[in-house]
Amino acid sequence: MSSNRPYLLRAIYDWITDNQLTPYVLVDATVEGVRVPPQVVKNGQVVLNLAMRAVANLELGNDYIGFQARFSGVSQAIRIPVQAVLALYAQENGQGMMFPTEDGDAPPPAPGPDDSGPSSPGEGQDKPKRSPHLRVVK
313 MSSNRPYLLR AIYDWITDNQ LTPYVLVDAT VEGVRVPPQV VKNGQVVLNL AMRAVANLEL
373 GNDYIGFQAR FSGVSQAIRI PVQAVLALYA QENGQGMMFP TEDGDAPPPA PGPDDSGPSS
433 PGEGQDKPKR SPHLRVVK
């Protein structure tokens with residue numbers, strides 16, 4: 313079965329723009345195939361404005377999001393694999409959707425200091441997985 317991520321991205325984008333809000337996309341810039349100017353990447357992530365006034369030739373495809381945008385006055389072709397999208401939300405109120413990593417997208421995060429994982433076989437297996445954290449970078 314194909315991924316539902318591109319369909320959800322288009323639906324959330326339409327919902328945000330239909331409500332006259334500004335769609336922002338949070339991208340994992342470390343995913344293979346992401347083409348964004350390196351100077352806009354911070355901590356392996358980038359937040360991009362997808363408003364019609366900010367981009368040209370926006371294409372929300374099944375495999376990639378593509379558009380033209382200006383960075384420091386220079387037009388650049390941007391290409392983002394849909395599996396690299398971490399969230400799509402309205403800049404004004406933060407409403408939107410976070411996307412979990414899909415199977416095969418990336419390895420699971422290493423356990424943090426407060427979650428060292430099971431200490432013996434079978435222990436902690438019904439522990440719920442941690443949800444990803446969204447940090448908005450302006």
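Using our numbering, the first residue of the sequence shown is number 313, and each one after it goes up by one.
Ideal placement from N, C-alpha and C gives every residue a C-beta, glycine not left out.
It should be emphasised that the depicted structure is a prediction, and the values quoted were computed from it without experimental measurement.
With a threshold of 7 Å on Cβ separation, who are the neighbours of T342 within its own chain once the five nearest residues in sequence on each side are excluded?
Reading the sequence shown from its first residue, position 30 is the one you call residue 342. G356, listed in sequence order.
Are the region 367–376 and the region 398–408 touching, with three or more C-beta to C-beta distances below 8 Å?
The region 367–376 makes no contact with the region 398–408: fewer than 3 CB pairs, one atom from each, lie closer than 8 Å.
Three-state secondary structure (DSSP) at A366?
Along the sequence shown, read from residue 1 onward, the residue named residue 366 stands at position 54. Correct three-state label for A366: coil.
How far does the beta strand (DSSP E) with D340 in it extend, from its first residue to its last?
As a first step, residue 340 is located in the sequence shown; it is residue number 28 there, counting from the start. Taken as a continuous stretch (DSSP letters only), the beta strand (DSSP E) holding D340 covers 335–340.
Can you list, in chain order, the residues of its chain whose CB lies under 7 Å from that of P419, leaving out five sequence neighbours each side?
By 1-based counting over the sequence shown, the position of residue 419 is 107. Caution applies to P419, whose pLDDT of 42 falls short of 50 and renders its modelled position unreliable; the value that the coordinates give is listed next. Same-chain partners within the cutoff: there are none.
For V359, does the three-state DSSP call read helix, strand or coil?
Reading the sequence shown from its first residue, position 47 is the one you call residue 359. Note: V359 maps to strand in three-state DSSP.
Would G429 be called buried (16 or more neighbouring beta carbons within 10 Å of its own) or exposed?
Within the sequence shown, residue 429 is the residue found at index 117, counting from 1. Only weak support is given to the placement of G429: the predicted model assigns it a pLDDT of 41, under 50, and the value that follows is read from those uncertain coordinates. Classification for G429: exposed.
Where do the ends of the beta strand (DSSP E) carrying A389 lie?
Taking the first residue of the sequence shown as position 1, residue 389 is located at position 77. Unbroken beta strand (DSSP E) run through A389: 386–393.
Quick one: is D340 buried, meaning 16 or more other Cβ sit within 10 Å of its Cβ, or exposed?
In the sequence shown, the residue the question calls residue 340 occupies position 28. By the C-beta density criterion, D340 is buried, having at least 16 other C-beta atoms within 10 angstroms.
For V346, which residues from the same chain have a beta carbon less than 6 Å from its beta carbon, with the 5 sequence-adjacent residues on both sides left out?
For the purposes of this step, residue 346 is taken as residue 34 along the sequence shown, with counting starting at 1. Closer than 6 Å at Cβ, skipping near neighbours: I392, A396.
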